[in-house]
Amino acid sequence: MARLLYLAAAVAFIIGLRRLGSPRTARGGNRIAGAGMLLAIIVTLVDQDVVGWGTIVAGLVVGGVAGGLLALRVQMTAMPQLVAAFNGFGGLASVLVALAEIDRVAAAFDVETGVVAVLTLAVGAITFSGSFVAYAKLQGLMTGRPIVLAGGKTANAVMALGIAALGVWAVAAEVAPAFWIATAVALILGVFAVIPIGGADMPVVISLLNSLSGVAAALAGFIISNEALIVGGALVGAAGLILTIQMGEAMNRTLANVLFSGFGGATGPVAMSDKPVKRATPDDVAISLAYAETVVVVPGYGLAVAQAQHAVRDLATQLEERGVRVAYAIHPVAGRMPGHMNVLLAEADVPYEQLLDLEQSNPRFGLTDVVLVIGANDVVNPSARDDATSPIYGMPILEVDRARTVVVVKRSLSPGFAGIDNPLFYKDTTMMLFDDGKAAVESIIGALATV
Amino acid sequence: MSDLFIAGIVVFVLASFVGLEVISKVPPTLHTPLMSGANAISGITIVGALVAAGTGSGTAATILGFLAVAAATINVVGGFLVTDRMLHMFQPKAPRRGKGG
């Protein structure tokens, strides 16, 4: 009976995930998945001959309060690091479940379960420590730049082999401490694996860690022979894998390139063009916006950093009152995790119908009067399309240079994370407004009142 | 290999394909809530944690069980709540008129 109820929980996860695919059904979908989780928890508590109620209640209370507070208090800008942290806790839980089972059977597994236990420990521990390094980078507790250690790749390969060797020893000789040591090595490997990855590559890393947290849960399901864990974990593993691939495609980089190249921070001196740019004042920008028929806003991560999403929404509202049609073009890697920018704009009450993705936006730019680029750089760099020698050549971009006028709001002419110059800034049709994103938008709103 | 183990592999492979099918159609707008919702589902490890905490005996089992339940609960409760918070913002609202309108 319990197994059938676990199946019901797994079906709830599938229906829930499916409903997460459309804005109208998504909230209900999340609740269906949550109900499935509650069912799985209740079934477990009723079905097992629970003796340790005190331990369970203590764990549920501590985890519930901590998770609830984190979820209700987090700023939307900090969503990537929160998801990273939750991924980490998921990985940790799988590790602890495996260790508890090793303790219970005194490491005497049959061969296949032993192998799965080693894999659970390795994947779970890498997810745990890797997620918290990602958390530290996103939260600004450590530099977001890649930290490339000499011999880092060799060290990682040695550690991976070490985990495999310890695993063979642990399973063959049924030695519990060998499982523990393998876990410790995997924890270190997780740190070393994420440290060389730059902050701008975080959308890929978070997606991958998300996938791994699912894989760890599925593997733990094999150890305790529970299909709910296997189904739930496999679904999450697949979801994370799809997003990982999509994010990689959006940056025109392979997963291996993201993980092993230490990319994501300017390394050498950047050859900046000394061509003149057209500087604009907030009044110039306000006039061109006020007399436009169509305006497309291109928000980048700089907008989130400047907390300018509400100011941008106010500007859009004022333009709409003047009869200007406003939309937002969002590059897949505009934020620090997939879809992050959409969440920030939704928080500022931008209707999701106005949020355009890459495929929807590019055909429109040729018909757009003014494109307002705020805090974005590499994702609007025409070199990715035109210059085969450019390091970002081939990366899908928002082709804003096709619009009649482009306004770029930027602090300075400094290059983006790829460390390359942007020909867009020197075009005749481009106006540069040098200021902090929020301050710039607010002064445009002020200037608009007098137009 | 035991039949149970092989059945587990069958379930894993089929569920992975279901996941790939279901998720490949999600629009980019919903990627963040999808990820945090999926993340909450990966907290299903809580089932294993409850078994470990409730049936284990000895100090090591108790400590491991408690930590496992706590970590998994953070993942489950936090994940579903924060996803719900985000999706609340995506729900269609009555047309809002701006200030001074």
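Same order as they appear, the protein sequences are chains A and D. Plus 612 on top of the position in the first sequence (first one is 1) and you've got the numbering used here. Plus 546 on top of the position in the second sequence (first one is 1) and you've got the numbering used here. By construction, the Cβ of each residue, glycine as well, lies at the ideal position given by its N, Cα and C atoms.
8 Å contact criterion, which residue i and residue j should meet: CB distance rounded
{"i": "residue 586 of chain D", "j": "residue 830 of chain A", "result": "Wrong, their Cβ atoms sit about 15 Å apart, outside the cutoff."}
{"i": "residue 714 of chain A", "j": "residue 804 of chain A", "result": "Not really, about 25 Å apart at Cβ, beyond 8 Å."}
{"i": "residue 1012 of chain A", "j": "residue 1036 of chain A", "result": "7 Å"}
{"i": "residue 799 of chain A", "j": "residue 872 of chain A", "result": "Not a contact, Cβ separation roughly 20 Å."}
{"i": "residue 695 of chain A", "j": "residue 588 of chain D", "result": "Actually they are not in contact, since the Cβ atoms of residue 695 of chain A and residue 588 of chain D sit about 11 Å apart, beyond 8 Å."}
{"i": "residue 622 of chain A", "j": "residue 631 of chain A", "result": "Not really, about 15 Å apart at Cβ, beyond 8 Å."}
{"i": "residue 848 of chain A", "j": "residue 860 of chain A", "result": "So it is not a contact: roughly 18 Å between Cβ atoms."}
{"i": "residue 970 of chain A", "j": "residue 944 of chain A", "result": "6 Å"}
{"i": "residue 652 of chain A", "j": "residue 590 of chain D", "result": "6 Å"}
{"i": "residue 827 of chain A", "j": "residue 917 of chain A", "result": "About 32 Å; that fails the 8 Å criterion."}
{"i": "residue 806 of chain A", "j": "residue 745 of chain A", "result": "4 Å"}
{"i": "residue 899 of chain A", "j": "residue 1063 of chain A", "result": "6 Å"}
{"i": "residue 655 of chain D", "j": "residue 851 of chain A", "result": "Because chain D in this structure spans residues 547 to 647, residue 655 of chain D falls outside the shown range and cannot be described."}
Span separating the alpha-carbon of residue i from that of residue j
{"i": "residue 600 of chain D", "j": "residue 687 of chain A", "result": "36 Å"}
{"i": "residue 706 of chain A", "j": "residue 672 of chain A", "result": "16 Å"}
{"i": "residue 667 of chain A", "j": "residue 658 of chain A", "result": "16 Å"}
{"i": "residue 578 of chain D", "j": "residue 786 of chain A", "result": "42 Å"}
{"i": "residue 730 of chain A", "j": "residue 710 of chain A", "result": "8 Å"}
{"i": "residue 674 of chain A", "j": "residue 617 of chain A", "result": "27 Å"}
{"i": "residue 726 of chain A", "j": "residue 717 of chain A", "result": "11 Å"}
{"i": "residue 952 of chain A", "j": "residue 634 of chain A", "result": "16 Å"}
{"i": "residue 905 of chain A", "j": "residue 936 of chain A", "result": "5 Å"}
{"i": "residue 789 of chain A", "j": "residue 733 of chain A", "result": "13 Å"}
{"i": "residue 896 of chain A", "j": "residue 1061 of chain A", "result": "13 Å"}
{"i": "residue 908 of chain A", "j": "residue 752 of chain A", "result": "31 Å"}
{"i": "residue 1015 of chain A", "j": "residue 934 of chain A", "result": "20 Å"}
{"i": "residue 876 of chain A", "j": "residue 867 of chain A", "result": "Per-residue confidence for residue 876 of chain A stands at a pLDDT of 46, beneath the threshold of 50, marking its modelled position as unreliable; no derived number is given."}
{"i": "residue 502 of chain D", "j": "residue 593 of chain D", "result": "Any answer about residue 502 of chain D is impossible in this case: the structure gives chain D only from 547 up to 647."}
{"i": "residue 626 of chain D", "j": "residue 598 of chain D", "result": "23 Å"}
{"i": "residue 822 of chain A", "j": "residue 580 of chain D", "result": "11 Å"}
{"i": "residue 645 of chain D", "j": "residue 913 of chain A", "result": "Low local confidence applies: a pLDDT of 39 at residue 645 of chain D is under 50, so the model's placement there is unreliable, and no value is given."}
{"i": "residue 568 of chain D", "j": "residue 832 of chain A", "result": "23 Å"}
{"i": "residue 614 of chain A", "j": "residue 719 of chain A", "result": "27 Å"}
{"i": "residue 973 of chain A", "j": "residue 761 of chain A", "result": "40 Å"}
{"i": "residue 888 of chain A", "j": "residue 618 of chain D", "result": "56 Å"}
{"i": "residue 878 of chain A", "j": "residue 989 of chain A", "result": "At residue 878 of chain A the pLDDT is 41, less than 50, meaning the model places this residue with poor confidence and gives no usable figure here."}
{"i": "residue 1002 of chain A", "j": "residue 995 of chain A", "result": "6 Å"}
{"i": "residue 747 of chain A", "j": "residue 903 of chain A", "result": "44 Å"}
{"i": "residue 1056 of chain A", "j": "residue 1046 of chain A", "result": "12 Å"}
{"i": "residue 929 of chain A", "j": "residue 551 of chain D", "result": "58 Å"}
{"i": "residue 893 of chain A", "j": "residue 931 of chain A", "result": "18 Å"}
Terminal residues of the beta strand (DSSP E) in which residue i lies
{"i": "residue 1022 of chain A", "result": "1017–1022"}
{"i": "residue 937 of chain A", "result": "937–941"}
{"i": "residue 911 of chain A", "result": "906–911"}
{"i": "residue 1042 of chain A", "result": "1042–1046"}
{"i": "residue 983 of chain A", "result": "982–986"}
Identity of the residue in the options nearest residue i by Cα
{"i": "residue 808 of chain A", "options": "A:839, A:765 and A:931", "result": "A:765"}
{"i": "residue 555 of chain D", "options": "A:679, A:1005, A:724 and A:988", "result": "A:724"}
{"i": "residue 915 of chain A", "options": "A:906, A:986, A:626 and A:905", "result": "A:986"}
{"i": "residue 980 of chain A", "options": "A:941, A:961, A:959 and A:952", "result": "A:941"}
{"i": "residue 575 of chain D", "options": "A:1057, A:1015, A:957 and A:894", "result": "A:957"}
{"i": "residue 923 of chain A", "options": "A:652, A:722 and A:961", "result": "A:961"}
{"i": "residue 983 of chain A", "options": "A:959, A:966 and A:1043", "result": "A:1043"}
{"i": "residue 635 of chain D", "options": "A:1055, A:747, A:973 and A:954", "result": "A:954"}
{"i": "residue 919 of chain A", "options": "A:750, A:822, A:647 and A:1049", "result": "A:1049"}
{"i": "residue 620 of chain D", "options": "A:700, A:760 and A:1017", "result": "A:700"}
{"i": "residue 993 of chain A", "options": "A:1023, A:1039 and A:887", "result": "A:1039"}
{"i": "residue 1004 of chain A", "options": "A:615, A:865, A:692 and A:835", "result": "A:865"}
{"i": "residue 824 of chain A", "options": "A:888, A:925, A:911 and A:698", "result": "A:698"}
First through last residue of the alpha helix (DSSP H) which encompasses residue i
{"i": "residue 867 of chain A", "result": "867–872"}
{"i": "residue 855 of chain A", "result": "839–862"}
{"i": "residue 612 of chain D", "result": "605–619"}
{"i": "residue 953 of chain A", "result": "952–959"}
{"i": "residue 597 of chain D", "result": "592–601"}
{"i": "residue 1057 of chain A", "result": "1049–1060"}
{"i": "residue 895 of chain A", "result": "894–902"}
{"i": "residue 749 of chain A", "result": "723–751"}
{"i": "residue 921 of chain A", "result": "921–933"}
{"i": "residue 644 of chain A", "result": "638–659"}
{"i": "residue 664 of chain A", "result": "Premise fails: residue 664 of chain A is in no alpha helix (DSSP H) and is neither H nor E."}
{"i": "residue 567 of chain D", "result": "549–569"}
{"i": "residue 581 of chain D", "result": "577–588"}
Open item on the list: Check whether the stretch 775–782 of chain A and the stretch 833–849 of chain A are in contact - that is, three or more C-beta pairs closer than 8 Å.
Closed with: Touching, no.
Task: At least three beta-carbon pairs within less than 8 Å, the stretch 815–822 of chain A to the stretch 946–959 of chain A - done: Judged by Cβ distances under 8 Å, the stretch 815–822 of chain A makes contact with the stretch 946–959 of chain A, as three or more pairs qualify.
Task: contact_flag[the stretch 768–775 of chain A, the stretch 673–693 of chain A] where n(CB pairs < 8 Å) is 3 or more - done: no
Open item on the list: Under 8 Å: do the stretch 675–682 of chain A and the stretch 746–761 of chain A share three or more Cβ pairs, one atom per stretch?
Closed with: no
- [ ] Could you tell me whether the stretch 607–621 of chain D touches the stretch 851–861 of chain A, where touching means 3 or more Cβ pairs closer than 8 Å?
- [x] no
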